Amino acid sequence: MTSGAVTASEQVVHDFLQVFVSGDFEGAAAHLSDDVVWRMNAVDLIPREPTFVGKPAVVNELFALVGVAFDPATFKVEYKRTIAAGNDVVATWELSAKTADGRDYKNAYCVIFTVTDGVVSHVEEYLDSGYAKRVLFA
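Residue numbers for the sequence shown, in my numbering: 5 to 142.
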């Protein structure tokens with residue numbers, strides 16, 4: 005994802021993403037703090053308030069939604085870049101996958117991670133939510 009030296013915060017994010025895109029959502033949860041806050045900046049995408057507070061909410065609601073909307077075995081991620089400043093890491097990538105009903109999905113993501121005590125404690129996720137809603141929930 006990056007060139008040159010990788011910071012400790014970047015390594016935590018890299019490790020989380022590697023496990024997450026493999027479809028191992030429980031394994032990915034091990035890289036999250038118990039009080040993690042995950043905000044999807046996609047108000048119209050999902051039928052609930054787009055902030056998930058606490059590891060159980062992220063795993064049981066957000067990750068479960070991902071597992072239902074997509075065929076995780078088809079995830080292909082093209083990492084673009086990461087930028088780290090202290091505990092914050094900005095990562096950009098393009099996700100290609102098949103939806104659960106077999107449609108093609110391809111969307112760009114920009115995600116800001118905050119790492120605290122060696123785990124992800126805060127996530128701000130940006131994507132083309134209009135496209136995602138048309139493809140995933142039409």
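The C-beta atom is built at its ideal place from N, Cα and C for all residues, glycine as well.
Quantities reported herein were computed from a predicted structural model and do not represent experimental measurements.
Express the C-alpha separation of alanine 61 and leucine 53 in angstroms, rounding to a whole number. Correcting the residue identity first, residue 53 is glutamate in this sequence and not leucine. Between glutamate 53 and alanine 61, the C-alpha separation is close to 12 Å.
Tell me which same chain residues have a C-beta within less than 7 Å of the C-beta of valine 25, skipping the five on either side of it? Phe79, Val81
State yes or no: is the C-beta of glutamate 98 within less than 8 Å of the C-beta of valine 115? No, they are not a contact pair.
Just to confirm before moving on: does the CB-CB distance between serine 37 and valine 123 stay below 8 Å? yes
Classify alanine 136: buried if its beta carbon has 16 or more other beta carbons within 10 angstroms, exposed otherwise. Result: buried.
Rounded to a whole number of angstroms, what is the C-alpha to C-alpha distance between glycine 106 and glycine 71? Each residue's alpha carbon lies about 13 Å from the other.
For isoleucine 50, count neighbouring C-beta atoms within 10 Å of its own C-beta (all shown protein chains included) and say buried if the count is 16 or more, exposed if not. Buried, by the Cβ-count rule.
Going by other Cβ atoms of all chains shown within 10 Å of its Cβ, with 16 needed for buried, is alanine 77 buried or exposed? exposed
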